[in-house]
Amino acid sequence: MTEVLVVGGGPVGLMTALGLAKAGVNVTVIEAEANIVYSPRAIAYAWTILPALEYFGLLEDMIAAGHTTTERSFRIFRTNENIVYNHDVLAGITDHPYSLTLGQDLLAEVVLKHLERYPNATVRWNTKFTAVTQSSHGAIVKADTPDGPTEFTAKWVVAADGGRSPVRHAVGMSLEGFTWPRRFVVTNIYYDFAKYGWDSGYLIDRKYGTVIYKLNQEGLWRYTFSEDAGLPLETVSERIAEFIKTTLPGDKKYELALSTTYAMHQRSAPRYRAGRVLLAGDSAHLTNPTSGFGLMGGMNDAFLLSETLAAVLKGEVGEEYLDRYATLRKKVFEEVTSPISTGSFKLLFELEDEATMEKIFTDLRNRPGNPEAMLKWHMLPSGLETPSLLTGLTYAQRLGKKPLPGAAS
Ligand SMILES: Cc1cc2nc3c(=O)[nH]c(=O)nc-3n(C[C@H](O)[C@H](O)[C@H](O)COP(=O)(O)OP(=O)(O)OC[C@H]3O[C@@H](n4cnc5c(N)ncnc54)[C@H](O)[C@@H]3O)c2cc1C
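Following this note's numbering, the numbering of the sequence shown begins with 700 at its first residue and continues without gaps.
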């Protein structure tokens, strides 16, 4: 019998388990794969999540495994204009005026390394969830392993098993919302962008809109664009070559390290709690990744859920706090994650009429010279955090810092 069974050893499952383990809860993670899964997905995390990572003792290791970025570039393809946003306006507001860049597999590895220090936490690899049954006291989870089927008994189950979430399906829920008619084409390429003065950021254009992010110091960059989801997948490599040839600065002699495609969604489960099963991360909600809010939202689910669930298990608060977790995190998805990510998607790929385009470009150009507007823009991802349901404090406040100006409460 484990107190909490977490299904999914992705970044959200491991982060939830770490929060629970630190609180003294007996936790088991089951993961279908043999190791942390590598897929070219999350890489960027805004400054607003760094206090929580610091509080959990993870930030130093994460910065060492990745790198920090102080500038973000908005390039307008048709005018070749480069508008650069920095983090200067955050001086005095945070100890961490930068964003973190780190592949989500490396981020998960850091979390796993910390989790392995806790004797009350276990990770079972090659263990694939197949079914769950619930009673008023707990749940029985069935799973397949290389040695045959097995069973776990737990008081609570966390579904952190990603967008397809077999656990969510097992409790009878599917994601509501819509799928964009465009797909994301994700590549990792070796190219010396820095030699041509290019930083991480957006290249804005209705046809050639691209997200470009430096991945490491060895010249590897993430280069991502979107295309009509109806185009044939067999010929995507031709379109990758055409995109890169058209948009790259300099001699365009790049090396393609990998490419893949993703459907893009704005979808949420109708409820993030089904009895003894709590949903977190992509199992609960999916967003297009243009703002980089997917995993940041998922990590904030993990922070809030682990603290609340630990308090319920210790008898400090009643189960109704888990309903508050479920309601508040869904609200964050609906009121922050999804609308902001939708706005970024439209900015990057769908600006059509001249008047709207000019207004948006004017705002982009003027913001760096207007500290108040710049601060407002930097504060946008602060809405992803839900303050503690036990104390009302944000992670910055728990570290003894002043609350962020205008932070969600
Ligand atoms: C192209 C792209 C770029 C992105 N960029 C960003 C970004 O820059 N910043 C950001 O914040 N977010 C970003 N995201 C979103 C981010 O990738 C996801 O939000 C994140 O992966 C969610 O983590 P998770 O742990 O909830 O799910 P996952 O990472 O999908 O992990 C789920 C885990 O559950 C396991 N699992 C599945 N089924 C079972 C089963 N039956 N039994 C046991 N285990 C199971 C899987 O093997 C997997 O390990 C991006 C997404 C995409 C597609």
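Note that the Cβ used here is the ideal one computed from N, Cα and C, for glycine as well. All values derive from a computational prediction rather than experimental measurement.
Query	Result
Any non-hydrogen atom of ligand 1 within 7 Å of D981 CB	yes
Proximity below 8 Å, CB of T849 to CB of G837	no
E770 versus L1012: straight-line alpha-carbon distance, rounded	43 Å
Residue from A893, A859 and G991 whose Cα sits closest to the Cα of A979	A859
Whole beta strand (DSSP E) elements within the stretch 938 to 998, 3-residue minimum	954 to 967 and 976 to 978
Alpha helix (DSSP H) segment containing K1045, residue limits	S1037 to F1048
For Q916, the three-state DSSP class (helix, strand or coil)	coil
Distance CB(H795)-CB(G756) smaller than 8 Å	no
S1108 to G1091 span [Cα, whole Å]	Only weak support is given to the placement of S1108: the predicted model assigns it a pLDDT of 38, under 50, and the question is left unresolved by the model.
Cα-Cα separation, F1048 to L902	9 Å
Nearest residue (CA-CA) to K944, options I888, W746, A807 and N825	I888
Residue nearest to T727 in terms of C-alpha spacing, selected from S958, A733 and M700	M700
Candidates E1033, L799 and L977: closest to E1018 by CA position	L977
CA nearest to the CA of E730, picked from K841, A720, S834 and R777	K841
Selected residue, minimal CA-CA separation from L932, among A962, Y754, F992 and A763	A962
CA-to-CA distance, G991 to F867, given in whole angstroms	Checking the sequence shown, residue 867 turns out to be Arg, not Phe. Looking at the two C-alpha atoms, the distance is approximately 23 Å.
Contact check, Y895 vs G918, beta carbons under 8 Å	no
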